[in-house]
Amino acid sequence: MTEKSIQKTRLIPVTKWNDFHTWPPIGGLRHLIFYEHTNGFSYCVVRVGRRVLIDENKFFEWAEKSTVNY
0 MTEKSIQKTR
10 LIPVTKWNDF
20 HTWPPIGGLR
30 HLIFYEHTNG
40 FSYCVVRVGR
50 RVLIDENKFF
60 EWAEKSTVNY
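First residue of the sequence shown? That's 0 in numbering that gives the first Met the number 0, and the numbers climb one at a time after it.
In structure tokens form, the structure reads like this:
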């Protein structure tokens, strides 16, 4: 019998993001959420009622994919 490894992720409310991470600031997150359908940020956003949560693991995956190396 094989056992699947389930990776837990942390869902962080936008207003509490800076309690865990210094970047991006809350204003920057709100900007990303406002344009989420054009910038691909919807991959990271989880909505529960009126609350907007950020999936921490998906956020950093998205950040790595969306950066351009110069």
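For each residue, glycine too, the CB sits at the ideal point set by N, CA and C.
Could you have a look at R29 and say whether DSSP puts it in helix, strand or coil? Residue mapping note: residue 29 aligns to position 30 of the sequence shown, counting from 1. The answer is helix: DSSP assigns R29 an H, G or I state.
Notebook entry, point to check: Which partner residues of S44 appear in the DSSP bridge assignment?
Noted result: By 1-based counting over the sequence shown, the position of residue 44 is 45. Position check: residue 44 holds Val in this sequence, whereas Ser was assumed. According to DSSP, V44 shares a beta bridge with I53.
Q.
Rounded to the nearest angstrom, what separates K15 and E35 at their Cα positions?
A. Locating residue 15 in the sequence shown gives position 16, where the first residue counts as 1. Locating residue 35 in the sequence shown gives position 36, where the first residue counts as 1. Roughly 19 Å separates the two Cα atoms.
message: Tell me which residue opens and which closes the beta strand (DSSP E) that P12 is part of.
response: Counted from its first residue, the sequence shown places residue 12 at position 13. L10 to P12 is the span of the beta strand (DSSP E), which, as asked, contains P12.
Notebook entry, point to check: If we ignore side chains and look at the alpha-carbon of each, how far apart do K64 and P24 end up?
Noted result: Position 65 of the sequence shown, counting from 1, holds the residue named residue 64. Position 25 of the sequence shown, counting from 1, holds the residue named residue 24. So the two alpha carbons sit approximately 20 Å from each other.
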